[in-house]
Amino acid sequence: MIDEAVIDAPAAAVWDALVAEFRGAKQWWVPHNTFTTVSGSPDAVGGEVGVTVHTKGVDNGGLKLRFTARTTAVEPGRRLDIEYVDGVFRGPSTFTLEPLGDGRTRLAMHFSARPHGWLKLLSKVADLGAEHSRGTLAAFESLDRRLSAGERA
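With the numbering used here, letter number 41 in the sequence shown gets 588, and the count goes up by one each step, no holes.
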């Protein structure tokens, strides 16, 4: 599955905001997701980030889906490859940034991970792909609003 948006900011600003969010900034992916550094740095190979998906939003109860992402490849400002290695999702995901030449950037998330454990059972009755896209696209819209308003991570 691929979710993408055009962000009204240069790729360097989008990259900085993405890395800051994965370090725990809680600026634009909330209320859907929060991130904490487990080890290393999210923009370095081997860095690990804890991800929590708040199904009803932060501090609103509901299921909390937790998993760990390990960075597997980095092309600063252009691409971040991760592997979900623990928790309710397992498998790869890639973030790509494509400068559009007009000061804007196409940000895409290629999500190929699969539900694991109890979430695999839930995926038989809930459309997790649609929920993932809804949360990701809302986050990208929030990022666009922040960066187009001149805010920086």
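The beta carbon of each residue, even a glycine, is placed where N, CA and C say it ideally should be.
Query	Result
Contact set for Gly604: own chain, Cβ-Cβ below 6 angstroms, skip 5 residues either direction	Pro578
Bounding residues of the beta strand (DSSP E) (the contiguous stretch that carries Leu612)	611-622
Minimum C-alpha distance to Ala560 - residue among Gly624, Lys573, Asn607	Gly624
Endpoints, the alpha helix (DSSP H) within which Arg693 is located	675-695
Other residues of its chain near Thr584: CB distance less than 7 angstroms, five sequence neighbours each side excluded	Arg570, Gly571, Val596
Cα-Cα separation between Ser680 and Phe658, rounded to whole angstroms	9 angstroms
Cα-Cα separation between Leu630 and Phe642, rounded to whole angstroms	In the sequence under discussion, the amino acid at residue 630 is Glu, which differs from the Leu named in the question. Cα-Cα distance, rounded: 12 angstroms.
Environment of Val600 [buried if 16+ CB atoms lie within 10 Å]	buried
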